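Peer 1: In the working numbering, the protein residues as written are 613 to 912. We put the beta carbon where it would ideally sit given N, CA and C, even for glycine. Please read all numbers here as calculations on a predicted model, not as lab measurements. Could you have a look at this structure, given as structure tokens, before my questions?
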């Protein structure tokens, strides 16, 4: 027969754990609402920004590699840089593991990745994994929940210098895109060199449909100091905005995933308590029945 005292202790322990999990769920919910609003606001900005790019495409070809590369330096043939956005904390379901799996599927064996790929990791979880796996990690940074664009300066500086020196043939960013509270999708975007195909694919993946007015080229533009200089500055802005957008989406995805994970854990605790309570009641009933039987037997 089970020990009723031990069962009561287990019930109390699970109850206490449930309270902690509920607190984590509430914290994640509050953070999610703030980050979700920031993400939606920035999506509005991105829609206008991308619309401007299409409006001036007859004046500046941002997809022309001559506007993106430095002819005075030699390109590192075939070498690639990956900017990976992960979380600093756990308890967020399979968010990080799905993104890492998505990356690994694109780059084959670890041996091949070591030879051809450098990785700049945002977030402790990704850093721990790829350092342990033996990948060539060239940089890292940790971002707080209420981050601002300046917190990403180390990433911006590294990318800018890498493009200036032509260290890499390609630069891509991997992150979790926040579709809604129950769906976060691993995505990648080619930051360098920009090309029409990957740019359009990115727009399709993030469900961005530009207004018709934004797709009409504007012939009444004055670009200073000159189109070529402006193009280089514009490309730098594109990289900054995409990286910031990626980190913002990943942070929002993290809180959404953690909130759902905590809700599921809280519900599981409730089921465990219910099961333990049933066992406790049955055990107590059996014990009482046994005691009554012993009393009756003794009186006879």
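Which whole-angstrom value is the C-beta distance of residue 755 and residue 642, which I expect to be below 8 Å?
Peer 2: The residue labelled residue 755 in the question sits at position 143 within the chain shown. The residue labelled residue 642 in the question sits at position 30 within the chain shown. The pair is not a contact, with the Cβ atoms about 18 Å apart (cut-off 8 Å).
Peer 1: Could you check if residue 823 is buried or exposed, using at least 16 other CB atoms within 10 Å of its CB as the buried criterion?
Peer 2: As a position in the chain shown, residue 823 is number 211, starting the count at 1. Since pLDDT at residue 823 reaches only 48, below the 50 mark, its modelled position is unreliable, and the value read off the structure follows with that caveat. Under this definition residue 823 is an exposed residue.
Peer 1: Is residue 699 helix, strand or coil by DSSP?
Peer 2: In the chain shown, the residue the question calls residue 699 occupies position 87. Coil at residue 699, not helix or strand.
Peer 1: Is the beta carbon of residue 871 sitting closer than 8 Å to the one on residue 644?
Peer 2: Numbered from its first residue, the chain shown carries residue 871 at position 259. Numbered from its first residue, the chain shown carries residue 644 at position 32. Taking 8 Å as the Cβ cut-off, residue 871 and residue 644 qualify as a contacting pair.
Peer 1: Considering residue 787, what are the terminal residues of the beta strand (DSSP E) in which it resides?
Peer 2: Within the chain shown, residue 787 is the residue found at index 175, counting from 1. From DSSP, the beta strand (DSSP E) with residue 787 extends over 782 to 792.
Peer 1: Here's the rule I'm using: 16 or more other beta-carbon atoms within 10 Å means buried, otherwise exposed. How should residue 949 be labelled?
Peer 2: Since the first residue of the chain shown is 613 and the last is 912, residue 949 is not available in this structure.
Peer 1: Quickly, what does DSSP pair residue 560 with across the bridge? List them, please.
Peer 2: Since the displayed the chain opens at 613 and closes at 912, residue 560 lies outside it and no answer follows.
Peer 1: Exposed or buried, which one is residue 621 when buried takes at least 16 other CB atoms within 10 Å?
Peer 2: Here residue 621 is taken as the residue at index 9 of the chain shown, counted from 1. Looking at its Cβ environment, which holds fewer than 16 other Cβ atoms inside 10 Å, residue 621 is exposed.
Peer 1: Please state the DSSP three-state secondary structure of residue 759.
Peer 2: For the purposes of this step, residue 759 is taken as residue 147 along the chain shown, with counting starting at 1. Coil.
Peer 1: Tell me the rounded alpha-carbon separation between residue 924 and residue 786.
Peer 2: No information on residue 924 is available, as it lies outside the stretch 613 to 912 that the chain covers here.
Peer 1: Just grab the DSSP bridge partners of residue 802 for me.
Peer 2: For this step, residue 802 is matched to residue 190 along the chain shown. The partner list for residue 802 (beta bridge, DSSP) reads 784.
Peer 1: Under a Cβ-count criterion, where at least 16 other Cβ atoms within 10 Å of its own Cβ denotes burial, should residue 801 be classed as buried or exposed?
Peer 2: Taking the chain shown and counting its residues from 1, one reaches residue 801 at position 189. Answer is buried; the Cβ neighbour count reaches 16.
Peer 1: List the endpoints of the continuous alpha helix (DSSP H) containing residue 740.
Peer 2: Residue numbering aside, residue 740 sits at position 128 when the chain shown is read from its first letter. Per DSSP, residue 740 belongs to the alpha helix (DSSP H) from 736 to 744.
Peer 1: Do the region 708 to 721 and the region 842 to 850 make contact, defined as three or more Cβ pairs closer than 8 Å?
Peer 2: In short, these stretches do not touch, since the Cβ pair count stays below three.
Peer 1: Output the distance between the C-alpha atoms of residue 647 and residue 903, rounded to the nearest integer angstrom.
Peer 2: On the chain shown, residue 647 is found 35 positions in, with the first residue counted as 1. On the chain shown, residue 903 is found 291 positions in, with the first residue counted as 1. Approximately 60 Å between the Cα atoms of the pair.
Peer 1: According to the neighbour-count rule (16 or more other Cβ atoms, all chains shown, within 10 Å of its Cβ), is residue 742 buried or exposed?
Peer 2: The residue given as residue 742 occupies position 130 in the chain shown. When all chains shown are included, residue 742 counts as buried.
Peer 1: For residue 767, count the other beta carbons within 10 Å of its own beta carbon; 16 or more makes it buried, fewer makes it exposed. Which is it?
Peer 2: Here residue 767 corresponds to residue number 155 of the chain shown, with the count starting at 1. By the neighbour-count rule (16 or more Cβ atoms within 10 Å), residue 767 is buried.
Peer 1: Need the endpoints of the alpha helix (DSSP H) that residue 663 sits in, please.
Peer 2: Numbered from 1 along the chain shown, position 51 holds the residue referred to as residue 663. Residue 663 -> alpha helix (DSSP H) spans 616 to 667.
Peer 1: Hey, how far is the Cα of residue 913 from the Cα of residue 733?
Peer 2: Nothing about residue 913 can be reported from this structure: the residues present for the chain run from 613 to 912 only.
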